[in-house]
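To keep things clear, I will list the structure first and then write my remarks on it.
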Amino acid sequence: TKVRPSYRPDKALIIDKPTFAPYIEKLAGAAGMTISNSDDVLTALEKRLDFFISLGCRASDHALEYPPYKIASDSEIDAAFKKAMAGQQVTKDEADAWRTKILLGLGKMYNKKDIVMQWHMNAIRDNNKAMFAKLGPDTGFDGSHDWEMTKNLAAMLSLIEENGGIPKTVLYTLNPKDYYPIGTVMGCFQGGGIKGRIQLGSAWWFCDHKDGMEQQLKVLGDLGMIPAFVGMLTDSRSFLSYPRHEYFRRILCNLIGNWVENGEVPNDMGKLSQIVQDISFNNALNYFGK
Numbered sequence: 038t039k040v041r042p043s044y045r046p047d048k049a050l051i052i053d054k055p056t057f058a059p060y061i062e063k064l065a066g067a068a069g070m071t072i073s074n075s076d077d078v079l080t081a082l083e084k085r086l087d088f089f090i091s092l093g094c095r096a097s098d099h100a101l102e103y104p105p106y107k108i109a110s111d112s113e114i115d116a117a118f119k120k121a122m123a124g125q126q127v128t129k130d131e132a133d134a135w136r137t138k139i140l141l142g143l144g145k146m147y148n149k150k151d152i153v154m155q156w157h158m159n160a161i162r163d164n165n166k167a168m169f170a171k172l173g174p175d176t177g178f179d180g181s182h183d184w185e186m187t188k189n190l191a192a193m194l195s196l197i198e199e200n201g202g203i204p205k206t207v208l209y210t211l212n213p214k215d216y217y218p219i220g221t222v223m224g225c226f227q228g229g230g231i232k233g234r235i236q237l238g239s240a241w242w243f244c245d246h247k248d249g250m251e252q253q254l255k256v257l258g259d260l261g262m263i264p265a266f267v268g269m270l271t272d273s274r275s276f277l278s279y280p281r282h283e284y285f286r287r288i289l290c291n292l293i294g295n296w297v298e299n300g301e302v303p304n305d306m307g308k309l310s311q312i313v314q315d316i317s318f319n320n321a322l323n324y325f326g327k
C-alpha cells in the first residue's frame, strides 16, 4: 500500500503564537525564497503543497479552534505579519484576519489541484500548564472546546466559494453540539458535480466511542446523504487506532440493522450491503483518489 503524506500547514495560521516567526523562516528556506508579506507566505505554501503532491499527497489537514472570519485589507494583514515576525503580540482580530486570508488562499489551491481540505475544529489544547512545561504538547491534557461555529463557518465557506470554489472538504468537530450547525451549513454548499463534496467528518478523538459514533451517524442520516459518507478516519498518532475501523463498521451495521427492524429503511440487503461497502471503503477511495 502506498503511503500518501498529508499536507498540514497549521503553523502558518497561528500568527498569535511564538512558534510563528521560526516557522516562517523554515518555510522560506524550504521554499527557497524570501518571505516579506502574506502573499509571499501563500506562494511559499503553494510550492510546498506542490512538493507534497509530487509524493502522492491527496489531502490537507488543519487544526482550528474555530472557523475564522475577519475581512481586512492586505496592508492591515501585512502590518500584523510584521508585528508577529518582530516578536510582538497581535490582537485576536489581526490573527483572525490573517487566518481568513491564508485559509482562503489555501482553499483556492486545494480546489485547483484537487486536494481534499480537512478542518479539525473545537479542541482546547495544553490546559494543564504545569504538565505542558514538563512533558510538552500532545501528552494528554487537551479537551473539547465550546466555541460558537455557525456564523463564521458559513461566512468562511461562502468566501471560499465566491473566490474559486470550495474544494472537497471534511469538517470535524470535537464537540458534538456542532453536528447540527455543520450538518445544516454544509448542505448550503454541496454540488460542483461531486457527490458529498462537503462531509460531516466522523466522530473524532474524544467522540470516537460507540455513543459518539452513533450520534454522528444519526445526525448525518437525519441531515445529509449517509450513502455518500467517506467513513471513519485514522488517528495517525497510534497504530492502536486502526482497530477502530472494524469497531466503526460494526456500529454502522448495527445502526442500519436497527433501522431495518424498526421499518425505517427498506429491508433490501443488496442496497444496504452496497451502502455499507461504500461507506467502509469505496467512497473514501473515490473521494480522496486512487
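The numbering of the sequence shown is the working numbering, which starts it at 38 and goes up by one.
Idealized CB from N, CA, C, for every residue including glycine.
Discussion item. Which residue marks the beginning of the alpha helix (DSSP H) containing M306, and which one marks its end?
Written reply: For M306, the enclosing alpha helix (DSSP H) has its first and last residue at M306 to Q314.
**OP:** Please confirm whether H157 and H99 have their CB atoms less than 9 Å apart.
**Re:** Their beta carbons are under 9 Å apart, which means H157 touches H99 by this criterion.
> Less than 9 Å separating the beta-carbons of A81 and M70?
Replying inline: Going by C-beta atoms, A81 is nearer than 9 Å to M70.
Query raised in the report: Nearest CA to the CA of D111: which residue from A123, D76 and L101?
Result: Of all alpha-carbon atoms in A123, D76 and L101, the one lying nearest the alpha-carbon of D111 is that of D76.
Report task. For P46, count neighbouring C-beta atoms within 10 Å of its own C-beta (all shown protein chains included) and say buried if the count is 16 or more, exposed if not. Result -> It counts as buried.
Return yes when the Cβ of L260 is within less than 9 Å of the Cβ of F266, no when it is not.
-> With respect to L260, F266 sits apart: the two C-beta atoms are not nearer than 9 Å.
| Bounding residues of the alpha helix (DSSP H) (the contiguous stretch that carries K146) | Residue identity check: residue 146 is Met in the sequence provided, not Lys. Residue range K129 to K150 is occupied by the alpha helix (DSSP H) that includes M146.
Check: According to the Cβ coordinates, are G177 and I161 closer than 9 Å?
Finding: No, the Cβ-Cβ distance between G177 and I161 is not below 9 Å.
Note to self: On the criterion of 16 or more Cβ atoms from any shown chain inside 10 Å, does N320 qualify as buried, or is it exposed?
What the structure shows: By the 10 Å Cβ count, N320 comes out buried.
With 16 other Cβ atoms within 10 Å as the buried cut-off, status of D133:
Taking every protein chain shown into account, the CB of D133 has 16 or more other CB atoms within 10 angstroms, so this residue is buried.
For the stretch 211-240, list the alpha helix (DSSP H) runs that are entirely contained and at least 4 residues long, ordered along the chain. Assignment of alpha helix (DSSP H) within the stretch 211-240, counting only whole runs of 4 or more residues, yields 216-223 in chain order.
| query | Among residues of its own chain, excluding the 5 on either side of P55, which ones have a beta-carbon nearer than 7 Å to its beta-carbon? | reply | Within the same chain, no residue comes within 7 Å of P55 by CB-CB distance, once the 5 residues on both sides are set aside.
Exercise for the section: State the beta-bridge partners of I161 as determined by DSSP. Expected result: Per DSSP, G180.
Thinking C-beta only, is L208 closer than 9 Å to L237? A distance below 9 Å separates the beta carbons of L237 and L208.
Can you name, in chain order, every residue of its own chain whose Cβ lies under 7 Å from the Cβ of D245, other than the five neighbours on each side?
Taking C-beta separations shorter than 7 Å and ignoring five residues to either side along the sequence, the partners of D245 in its chain run R281, following chain order.
K145 to W241 span [Cα, whole Å]: Rounded to whole angstroms, K145 to W241 spans 26 Å at the Cα level.
Q) Does the beta-carbon distance from V78 to L64 come in below 9 Å? A) A contact, by the Cβ cut-off of 9 Å.
ask   = Does the separation of the CB atoms of K247 and I293 fall below 9 Å?
value = Contact annotation: K247 and I293 have beta-carbon atoms that are not nearer than 9 Å.
**Study point:** Whole-angstrom distance between E83 and R95, CA atom to CA atom
**Key:** Cα to Cα, the separation comes out at about 14 Å.
query: Thinking just about the alpha-carbon of each residue, which of P218, A167 and K171 is nearest to the one in L190?
result: When each option's Cα is compared against that of L190, the closest is P218.
Give a yes or no on whether the C-beta atoms belonging to T210 and N159 are separated by under 9 Å. A contact, by the Cβ cut-off of 9 Å.
Close-in-space but distant-in-sequence residues of the same chain around V302 (CB under 8 Å, 5 per side omitted) = The beta carbon of V302 sits closer than 8 Å to the beta carbons of I293, W296 and L309 from its chain, once the five residues preceding and following it are set aside; these are given in chain order.
- Identify whether H246 lies in helix, strand or coil by the three-state DSSP scheme. H246: coil per DSSP, three-state reduction.
Exercise. In chain order, what residues of the same chain have a beta carbon less than 6 Å from the beta carbon of M223, not counting five sequence neighbours either side?
Worked result: Exclusion of the five residues before and after M223 leaves I235 as the residues of its chain whose Cβ lies within less than 6 Å of its Cβ.
Inset, instruction - State the DSSP-derived secondary structure class of Q125, mapped to helix, strand or coil. - result: Here Q125 sits in coil by DSSP.
Report task. Compare the Cα-Cα distances from C290 to each of I312, N200 and G300 and report the closest residue. Result -> The option with the nearest alpha carbon to C290 is I312.
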